[in-house]
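S.K.: Would you mind keeping the following structure in view while I ask a few things?
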Amino acid sequence: MTQNISDNKYNLLSTRAGFNLALGHFKTALSFSSDVEGGYNLADVLSEAIEEGSISPQQLRPVLNILLVDKFSYQIKTENLRDAVDSVDDLIAAVSQWTMLDVVLAFYNSSGDISVINPSNKDHWAPVIPLKRDELMVCFIKSRKENDLKTEQAACIDLFNLLYGKKIKVKKSFINPDFVAEERVEVRTPESKREQDVQAAPEEAAAPSRVVNTGKSSAKISVLVTNELFHNGNVEAWKKIMASYKGKHPGLDVNIWYDGEKINDINTLFKWGKVKHGTPIIFNVVGDDIKDVSKLKKYFFEGASARYEVFLRGAVNSVLDLF
């Protein structure tokens, strides 16, 4: 059997440099897989990676294909723009409400340059607006509900209608009823509370009080349980993750909620069948100098998955070096 070497798709791998390039790209692409599984928008993740220099712009298209198309089977709609687009404010407002969907856009300008966009992130649009007619837009959409092709196809159509300035009705299938908005809430400092008390009752002496949290509060963040059940192993993994986080940031505290109830003892989450696959656990961080929340979310997601055992290695009372 003969083969024309010019047609050999493995030519790139015939040199050490080519092999290392391919291997490095594959490892990089797969490293973003857990971010997508954890509910992160891949456009946000890739934009951060570009800024950090951990990937190059030439890797964007292959990463989108290997993850969103091949691995996670996002619904795709591609269109050369029928009209120029000068504003996307209404689109941003609408897509921000699509809490049941993950939406990623890949925009190719007339020079062939690619921009990866989270359509609800205003900062992603700033470098590309205005969009010109005939420029290429690729829409990737995935429902958080399994096998929901009809919803994904409808969302693709609505996305382009919004892009062209048309009005649409928000569909119930686009909205996650269990979604918790990640609103930032600042906890009042003891000084400001004392000032308010003095103004409200100047004739009374200010009584000393114990302040529990004196700093800011992060957003409330949802972590989806992907293990069959959130069992004792998952609970122990979360305890190890929290111990590592507090060990690195002793001035910060982590709050947890489940089903609308604040969880003061994480061990209470271990009740066989209480926390099921696909349900969210909510957390936030409180303190003066909040750090590593994204990393904490990523570890919590892994701890709520079937991969929790990686956090249980080592001595029983040892503290993991995660942060």
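In the numbering used here, the protein residues as written are 342 to 664. Where a beta carbon is used, it is the ideal one built from N, C-alpha and C, also for glycine. Treat the numbers as computed from the prediction; the structure is a model and nothing was measured.
1. DSSP three-state label for V487, please.
2. Near I509, which residues of its chain fall below 8 angstroms by C-beta distance, leaving aside the five closest residues on each side in sequence?
3. Thinking S375 and E643 are a contact (beta carbons under 8 angstroms), I'd like their distance in whole angstroms, please.
4. Is the segment 411–430 in contact with the segment 594–603, if contact means three or more CB pairs nearer than 8 angstroms?
5. Start and end of the alpha helix (DSSP H) containing E389?
6. Could you compute how far the alpha carbon of E420 sits from the alpha carbon of E378?
7. Which same chain residues, not among the five before or five after Q540, have their C-beta less than 6 angstroms away from its C-beta?
8. What separation, rounded to the nearest whole angstrom, lies between the Cα atoms of H572 and V616?
9. Exposed or buried, which one is H465 when buried takes at least 16 other CB atoms within 10 Å?
10. Does K639 pass the burial test, meaning 16 or more other C-beta atoms within 10 Å, or should it be called exposed?
11. If you follow the alpha helix (DSSP H) that Y640 is part of, which residue opens it and which one closes it?
12. Does the Cβ-Cβ distance between F373 and L408 come in under 8 angstroms?
13. Residues bridged to G619 by DSSP?
14. Roughly how many angstroms lie between the CA atoms of V564 and M441, to the nearest whole one?
15. Whole-angstrom Cβ separation of I562 and Q438, contact assumed at under 8 angstroms?
16. Determine, using beta-carbon pairs with one atom in the segment 390–401 and one in the segment 463–478, whether at least three such pairs fall under 8 angstroms.
17. Provide the residue span of the alpha helix (DSSP H) that contains K587, from first to last.
18. Are the CB atoms of V576 and F624 nearer to each other than 8 angstroms?
19. Under DSSP, the alpha helix (DSSP H) around D430 begins and ends at which residues?
20. Near L653, which residues of its chain fall below 8 angstroms by C-beta distance, leaving aside the five closest residues on each side in sequence?
21. I need the boundaries of the alpha helix (DSSP H) containing L565, first residue and last residue.
22. Taking a contact to mean a Cβ-Cβ separation below 8 angstroms, would you say A447 touches V410 in this structure?
23. For W439, which of helix, strand or coil comes out of DSSP?
24. Excluding the 5 residues flanking N608 on each side, which residues of the same chain have their C-beta closer than 7 angstroms to its C-beta?
25. Please tell me whether N450 and E476 are closer than 8 angstroms, where the distance is taken between their beta carbons.
26. Let's see if you can read the secondary structure: which residues bound the beta strand (DSSP E) around E420?
27. Per DSSP, W466 is paired with what?
28. If you reduce the DSSP assignment to three classes, tell me which class K557 lands in.
29. Below 8 angstroms between beta carbons: does that hold for S559 and V457?
30. Between which two residues does the alpha helix (DSSP H) containing E378 stretch?
31. Do V566 and G619 have their CB atoms nearer than 8 angstroms?
32. Determine whether the beta carbon atoms of F664 and K603 lie at a separation below 8 angstroms.
M.R.: So, to answer that:
1. Here residue 487 is taken as the residue at index 146 of the sequence shown, counted from 1. According to the sequence as given, residue 487 is Glu; it is not Val. In the structure shown, E487 sits in coil (DSSP, three-state: anything other than H, G, I, E or B).
2. Numbered from 1 along the sequence shown, position 168 holds the residue referred to as residue 509. So the qualifying residues of the chain are A435, D499, N502, L503.
3. Stepping through the sequence shown from its first residue, residue 375 is reached at position 34. Stepping through the sequence shown from its first residue, residue 643 is reached at position 302. Going by Cβ atoms, the distance from S375 to E643 rounds to 7 angstroms, so yes, they are a contact pair.
4. no
5. The count along the sequence shown starts at 1 and reaches residue 389 at position 48. Per DSSP, E389 belongs to the alpha helix (DSSP H) from 383–393.
6. Within the sequence shown, residue 420 is the residue found at index 79, counting from 1. Within the sequence shown, residue 378 is the residue found at index 37, counting from 1. Computed Cα separation, rounded: 27 angstroms.
7. Position 199 of the sequence shown, counted from the start, is the residue given in the question as residue 540. Bear in mind that a pLDDT of 42 at Q540, under 50, signals an unreliable position, so the number given afterwards is only what the model happens to contain. Cβ within range, chain order: n/a, list empty.
8. As a first step, residue 572 is located in the sequence shown; it is residue number 231 there, counting from the start. As a first step, residue 616 is located in the sequence shown; it is residue number 275 there, counting from the start. The C-alpha of H572 lies about 8 angstroms from the C-alpha of V616.
9. Residue mapping note: residue 465 aligns to position 124 of the sequence shown, counting from 1. Counting C-beta atoms within 10 angstroms of its own C-beta, H465 has 16 or more neighbours from the protein chains shown and is therefore classed as buried.
10. For the purposes of this step, residue 639 is taken as residue 298 along the sequence shown, with counting starting at 1. By the neighbour-count definition (other C-beta atoms within 10 Å, threshold 16), K639 is a buried residue.
11. As a first step, residue 640 must be located in the sequence shown, where it is residue number 299. It spans 634–644 - the alpha helix (DSSP H) in which Y640 sits, taken as one unbroken run.
12. Indexing the sequence shown from 1 puts residue 373 at position 32. Indexing the sequence shown from 1 puts residue 408 at position 67. Yes, Cβ-Cβ distance for F373 and L408 is below 8 angstroms.
13. The residue you call residue 619 lines up with position 278 of the sequence shown. The beta-bridge partner set that DSSP reports for G619 is empty.
14. Counting from one through the sequence shown, the residue named residue 564 turns up at place 223. Counting from one through the sequence shown, the residue named residue 441 turns up at place 100. So the two alpha carbons sit approximately 14 angstroms from each other.
15. The residue given as residue 562 occupies position 221 in the sequence shown. The residue given as residue 438 occupies position 97 in the sequence shown. Between Q438 and I562 the Cβ distance is about 18 angstroms, and since that is not below 8 angstroms, they are no contact.
16. no
17. Residue 587 sits at position 246 when you count from the first residue of the sequence shown. Counting along the chain, the alpha helix (DSSP H) containing K587 begins and ends at 573–589.
18. Residue mapping note: residue 576 aligns to position 235 of the sequence shown, counting from 1. Residue mapping note: residue 624 aligns to position 283 of the sequence shown, counting from 1. No, the Cβ-Cβ distance between V576 and F624 is not below 8 angstroms.
19. Position 89 of the sequence shown, counting from 1, holds the residue named residue 430. Segment 430–436, the alpha helix (DSSP H) holding D430.
20. The residue given as residue 653 occupies position 312 in the sequence shown. These residues qualify, in order along the chain: G574, E577, A578, K581.
21. Within the sequence shown, the letter at position 224 stands for residue 565. Premise fails: L565 lies in the beta strand (DSSP E), 562–565, not in any alpha helix (DSSP H).
22. Locating residue 447 in the sequence shown gives position 106, counting from the first residue. Locating residue 410 in the sequence shown gives position 69, counting from the first residue. It is not a contact, given that the beta carbons lie outside the stated cut-off.
23. Reading the sequence shown from its first residue, position 98 is the one you call residue 439. W439: coil per DSSP, three-state reduction.
24. By 1-based counting over the sequence shown, the position of residue 608 is 267. Cβ neighbours of N608 beyond the five flanking positions: V576.
25. Counted from its first residue, the sequence shown places residue 450 at position 109. Counted from its first residue, the sequence shown places residue 476 at position 135. Yes, Cβ-Cβ distance for N450 and E476 is below 8 angstroms.
26. Taking the sequence shown and counting its residues from 1, one reaches residue 420 at position 79. Secondary structure note for E420: its beta strand (DSSP E) is the uninterrupted segment 416–421.
27. Position 125 of the sequence shown, counted from the first residue, corresponds to residue 466. Beta-bridge pairing links W466 to no other residue.
28. Position 216 of the sequence shown, counting from 1, holds the residue named residue 557. K557 falls in the strand class under three-state DSSP.
29. Counting from one through the sequence shown, the residue named residue 559 turns up at place 218. Counting from one through the sequence shown, the residue named residue 457 turns up at place 116. Against a cut-off of 8 angstroms, the Cβ pair of V457 and S559 comes out as no contact.
30. As a first step, residue 378 must be located in the sequence shown, where it is residue number 37. According to the DSSP assignment, E378 belongs to the alpha helix (DSSP H) that extends over 374–378.
31. Along the sequence shown, one-based indexing puts residue 566 at 225. Along the sequence shown, one-based indexing puts residue 619 at 278. Contact flag set, yes.
32. The sequence position of residue 664 within the sequence shown is 323, counting from 1. The sequence position of residue 603 within the sequence shown is 262, counting from 1. Going by C-beta atoms, F664 is not nearer than 8 angstroms to K603.
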